[in-house]
């Protein structure tokens, strides 16, 4: 049985999916969401954002639901939700491991 490819999302990719879980959005709305929810810590420029959106459309993680001139509105798919949830779980486990290691280090174990 072939192994499934390991997919680890970049920080920007994770935030794009997080934004689209709120509902359909255009690229500008996605960028605004990321800026608001990270207090400006994560900056996603237009080239990066539209590269990510294009990649996610190809992977069927999101789909275009409306095109009005140059404005495209995207919606997350079940496949995209699954990718987000898997990455969220991976990050949660990693932070839990780091917390345990930090406690051990503080207690000299």
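Numbering (our numbering), first residue to last: 1 to 109. The C-beta atom is built at its ideal place from N, Cα and C for all residues, glycine as well. Since we're looking at a predicted model, the values are computed, not measured.
**Report entry** Unbroken beta strand (DSSP E) run spanning residue 82, endpoints
**Finding:** Residue 82 -> not in any beta strand (DSSP E); alpha helix (DSSP H) instead, spanning 78 to 106.
Query raised in the report: Taking the C-alpha atoms as reference points, what is the distance between residue 34 and residue 15?
Result: 6 Å
Query raised in the report: What do you get for residue 69, buried or exposed, if any count of 16 or more other CB atoms within 10 angstroms of its CB means buried?
Result: exposed
Query raised in the report: Between residue 49 and residue 62, which are expected to be in contact by the criterion C-beta below 8 Å, what is the C-beta distance as a whole number of angstroms?
Result: Not quite, the Cβ-Cβ distance comes to about 12 Å (not below 8 Å), so this is no contact.
Query raised in the report: What is the residue span of the alpha helix (DSSP H) that residue 52 lies within?
Result: 46 to 58
Query - DSSP-derived helix/strand/coil call for residue 65 - result: strand
Query raised in the report: Does the beta-carbon of residue 9 have 16 or more other beta-carbons within 10 angstroms, so that it is buried, or is it exposed?
Result: buried
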